[in-house]
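Novice: This is the structure I have questions about; it appears just below.
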Amino acid sequence: MDDSTLQKPNVYNRYLPFYDSIQRQAYAEFDEIRMHLSRIIQLREIRPGFSVWSSKLQQFISLYGYYFTKADHLKLIDFYLSILSIDNLSLIDVRICFNLLEVLLNGIEQSFFNCIRCCRFYFSATATQEILDEFRPWLCPFDSAFGDAMYFFDWFLPVNLPPNLHNQGFKLWLPEFLGIWELGSRAIATQKKDTYPISTVASLIVAMMSNGSSCLQYLRNLFTAIKSVYYPSNTGDFQHDIVQFLVELTESFIDRVHLESKADRIWQFKPLQSYRLTEQDITDFVNCAKEYVFISIFNKTYQEDAAKAFRHLTMLRPELVVPAIVEQLFSSVNSINEPHRFTSTLSCLTGITRQIVQQTLNFPQGQTYVLPLLISVLPGIDSNDFDKTSKTFQFLKAILMLITCVDCSSAINIPNDLTEVVQEKIINFLDPSSFTPRVSKLLTDLVQTILEANPIETLKYIMSQTCERIEKIRHDSEATILTDHKGDMELTWCLILFSKLLQARGDTLLVYKSMTLSVFHRCIHIIHKKSYEAIANAAKNLLKSLSYVYPIDYRLTVENIDGPFSDFLPIRVSLFCFQKEKVTISSGMGSTCGI
Numbered sequence: 047m048d049d050s051t052l053q054k055p056n057v058y059n060r061y062l063p064f065y066d067s068i069q070r071q072a073y074a075e076f077d078e079i080r081m082h083l084s085r086i087i088q089l090r091e092i093r094p095g096f097s098v099w100s101s102k103l104q105q106f107i108s109l110y111g112y113y114f115t116k117a118d119h120l121k122l123i124d125f126y127l128s129i130l131s132i133d134n135l136s137l138i139d140v141r142i143c144f145n146l147l148e149v150l151l152n153g154i155e156q157s158f159f160n161c162i163r164c165c166r167f168y169f170s171a172t173a174t175q176e177i178l179d180e181f182r183p184w185l186c187p188f189d190s191a192f193g194d195a196m197y198f199f200d201w202f203l204p205v206n207l208p209p210n211l212h213n214q215g216f217k218l219w220l221p222e223f224l225g226i227w228e229l230g231s232r233a234i235a236t237q238k239k240d241t242y243p244i245s246t247v248a249s250l251i252v253a254m255m256s257n258g259s260s261c262l263q264y265l266r267n268l269f270t271a272i273k274s275v276y277y278p279s280n281t282g283d284f285q286h287d288i289v290q291f292l293v294e295l296t297e298s299f300i301d302r303v304h305l306e307s308k309a310d311r312i313w314q315f316k317p318l319q320s321y322r323l324t325e326q327d328i329t330d331f332v333n334c335a336k337e338y339v340f341i342s343i344f345n346k347t348y349q350e351d352a353a354k355a356f357r358h359l360t361m362l363r364p365e366l367v368v369p370a371i372v373e374q375l376f377s378s379v380n381s382i383n384e385p386h387r388f389t390s391t392l393s394c395l396t397g398i399t400r401q402i403v404q405q406t407l408n409f410p411q412g413q414t415y416v417l418p419l420l421i422s423v424l425p426g427i428d429s430n431d432f433d434k435t436s437k438t439f440q441f442l443k444a445i446l447m448l449i450t451c452v453d454c455s456s457a458i459n460i461p462n463d464l465t466e467v468v469q470e471k472i473i474n475f476l477d478p479s480s481f482t483p484r485v486s487k488l489l490t491d492l493v494q495t496i497l498e499a500n501p502i503e504t505l506k507y508i509m510s511q512t513c514e515r516i517e518k519i520r521h522d523s524e525a526t527i528l529t530d531h532k533g534d535m536e537l538t539w540c541l542i543l544f545s546k547l548l549q550a551r552g553d554t555l556l557v558y559k560s561m562t563l564s565v566f567h568r569c570i571h572i573i574h575k576k577s578y579e580a581i582a583n584a585a586k587n588l589l590k591s592l593s594y595v596y597p598i599d600y601r602l603t604v605e606n607i608d609g610p611f612s613d614f615l616p617i618r619v620s621l622f623c624f625q626k627e628k629v630t631i632s633s634g635m636g637s638t639c640g641i
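With this note's numbering as the guide, the letters of the sequence shown map in order to residues 47 to 641.
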């Protein structure tokens, strides 16, 4: 079978070293699933055969993607549709009746709801009229059936018809439903428990925005009326609702922009051009909401929600939002009266590092903020303020993961023994006999970081020393150390460090095979709980390192960053979009993914 005829296979499988066997296995497994599904429908074996092989089909799609042709895809849809509409099942056996009651009624409502949501795209053009004829007699406001009718309308009415079918779609029921809603809202007293969810209100407001609509002006008036409520000095439960309103409003706007700008899909239509949001509409919306989002940033209780709304605005118009928040950070670095402004602003910047680094036509100057930001946040590393330090490191991590850091200055005057000095300091720092659990956790995290950066050199200087210390402790101690429930603190620390070192890449650990096996043989019989847990973690880490497939070179570019800048300038490729078609794999002990 030609791969070009397949629907949508898992694109990442072809980068595995055994892709040929994966292809053969996928074809054979799908043929087996197809054969058994055909057999169970002929035997009318709903349980357990249908459940088992449907589960295997789900696992197959999870592993291989849609690794079958369009014809097979349509046959599977027809097959499961026939299962949903099957009749004349033999219900004589009491066990069959019990199984149906136990299995089918368990979550059947949500299952059917999801099924109908997917199927109503394919209803006939006359389906809307048929549904209205069926349930319109139920629309009596004094009957409980009224709620059931609206429930079924929500399920079944197709709302994504193309423009040429609008006369057979929503135009048949929208004016009538709006009239019912208006009359009902007048007749029934509004109570707190009957208020609309914030997400629903936000979706309705965004849906009514279009070219020439006055909805945005009403939104401005609303924000002006409640502006004073957004100030952090006004604390109360109500602030959760007004901040959440900003989050839902900006998120709904993002979803609509995405819907109107993405590529066409055959099962959904695009809104008409006259009803789509224009570039000016997007700009006006950002200008309308940004002031209130900026105020909400300094709300200590709902700061994270405000940061989400801020990120949404930045995705729409970074040129209108980023310069202002950067200036606020610069002004808050040395603020004595309001030190919390620095952490609040830094939290928002952590979520928009992509918009800062990415160079676009509308916002090309974003990269000019990178170096000033990196320098200005350094005072945030304060040993007396854990929250500020944590947020500073989060920002540094977020922004440094998106750019290529290259020393562009001359290295002639830099001492050549700097690496050895750093290595010696780290080894001496790890040399004490034991640490408290909290300190040992911090130290092992430090080891993991340098292990990821340069596993070969790290293992060269730390692995040998750690194994030798373990051997020395076992040799100098009495034989009872294996059966001592109290254990040895120095040995426990060395075993914890040993287990962390085994998280290095598998190819770098092969050099220390004999040394590693010797430690396992000598310490596997320890009964001290902490020491035995360390040995167990070491075995788990070793198996993961030797069996996992992972890239050995984590870089944002495959270009030579050590060459002259006339050949390659790293800042010109910051945050280029990832193209999976350009992933390459080199043969050998490890695989290098070049992007």
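Positions of the beta carbon are idealized from the N, C-alpha and C atoms, including for glycine.
Nothing here was measured: the structure is a model prediction, and the numbers come from that model.
Please identify the residue among F106, S307 and L250 whose C-alpha is closest to the C-alpha of L318.
Specialist: Minimum Cα distance to L318 is reached at S307.
Novice: By DSSP's criteria, T414 is part of a beta bridge. Which residues make up the other side?
Specialist: Its beta-bridge partners do not exist; DSSP assigns none.
Novice: Give me the Cα-Cα distance between S279 and L424, rounded to the nearest whole angstrom.
Specialist: 29 Å
Novice: At what residues does the beta strand (DSSP E) containing F114 begin and finish?
Specialist: G111 to T115
Novice: Assuming L52 is part of the beta strand (DSSP E), what are its boundary residues?
Specialist: L52 to P55
Novice: Taking Q494 as the reference, give the member of V565, V303 and L543 with the closest Cα.
Specialist: Of the candidates V565, V303 and L543, L543 places its Cα closest to the Cα of Q494.
Novice: Between which residues of its own chain and A580 is the CB-CB distance below 6 Å, once the five residues before and five after are set aside?
Specialist: L541, I542 and S545
Novice: What is the DSSP secondary structure of S260, counted as helix, strand or coil?
Specialist: coil
Novice: Quick check on DSSP: helix, strand or coil for I251?
Specialist: helix
Novice: How many angstroms separate the CA atom of E514 from the CA atom of R520?
Specialist: 10 Å
Novice: Suppose contacts are defined by Cβ-Cβ distances below 8 Å. Is L395 in contact with I300 by that definition?
Specialist: no
Novice: Could you pull out every residue in the same chain whose Cβ sits closer than 7 Å to the Cβ of F192, ignoring the five residues on either side in sequence?
Specialist: W184, L185 and C186
Novice: Could you tell me the alpha carbon to alpha carbon distance between R302 and L323, rounded to whole angstroms?
Specialist: Our two residues, R302 and L323, have alpha carbons roughly 8 Å apart in a direct line.
Novice: Taking just the CA atoms, how far does Q71 sit from C569?
Specialist: Those two C-alpha atoms are separated by around 41 Å.
Novice: For my contact list, R387 and S393 are in at a C-beta cut-off of 8 Å; report their separation, rounded to the angstrom.
Specialist: The pair is not a contact, with the Cβ atoms about 11 Å apart (cut-off 8 Å).
Novice: Specify the secondary structure class of F192 as computed by DSSP and reduced to three states.
Specialist: helix
Novice: Tell me the rounded alpha-carbon separation between L497 and S560.
Specialist: 20 Å
Novice: Which residue comes first and which comes last in the alpha helix (DSSP H) that contains K443?
Specialist: The continuous alpha helix (DSSP H) containing K443 extends over residues F432 to L446.
Novice: Within this structure, are the beta carbons of H531 and H574 separated by less than 8 Å?
Specialist: yes
Novice: To which residues of the same chain is S591 closer than 8 Å at the C-beta, ignoring the five residues directly before and after it?
Specialist: L548, Q549, A550, R551, G552 and L555
Novice: For V368, tell me which candidate among F344, E384, N380 and F340 has the shortest Cα-Cα distance.
Specialist: Among F344, E384, N380 and F340, the Cα nearest to that of V368 belongs to F340.
Novice: For the alpha helix (DSSP H) that contains G397, what are its first and last residues?
Specialist: H386 to G397
Novice: Measuring only the C-alpha atoms, how far is A352 from L122?
Specialist: 45 Å
Novice: Tell me the DSSP secondary structure of T490 in three-state form.
Specialist: Annotated three-state conformation of T490 is helix, per DSSP.
Novice: Once DSSP output is grouped into helix, strand and coil, what is the label at R90?
Specialist: Here R90 sits in coil by DSSP.
Novice: From this set, E75, K487 and L265, which residue's C-alpha is nearest L292's C-alpha?
Specialist: L265
Novice: Can you give me the C-alpha to C-alpha distance between Q104 and F125, rounded to a whole angstrom?
Specialist: 15 Å
Novice: Applying the criterion that 16 or more other CB atoms from any shown protein chain within 10 Å of the CB defines a buried residue, is E78 buried or exposed?
Specialist: exposed
Novice: Where does the unbroken alpha helix (DSSP H) through Y578 begin, and where does it stop?
Specialist: K575 to S593
Novice: Within 10 Å of its beta-carbon, does Q375 have 16 or more other beta-carbons around it, so buried, or fewer, so exposed?
Specialist: It is Leu, not Gln, that sits at residue 375 in the sequence shown. By the 10 Å Cβ count, L375 comes out buried.
Novice: Three Cβ pairs or more, each shorter than 8 Å: is that satisfied between the segment 51–60 and the segment 80–93?
Specialist: no
Novice: Exposed or buried, Y128, counting other C-beta atoms within 10 Å across all chains shown (16 or more means buried)?
Specialist: Sequence check: residue 128 is Ser here, not Tyr. With fewer than 16 Cβ atoms within 10 Å of its Cβ, S128 is classed as exposed.
Novice: I'd like to know whether the C-beta atoms of W201 and I154 end up nearer to each other than 8 Å.
Specialist: no
Novice: Starting from L295, trace the alpha helix (DSSP H) in both directions and tell me its first and last residue.
Specialist: F284 to S307
Novice: For a test of the three-state rule: what should DSSP assign to K217, helix, strand or coil?
Specialist: helix
Novice: When you compare only the Cα positions, how much space is there between W227 and D431?
Specialist: 54 Å
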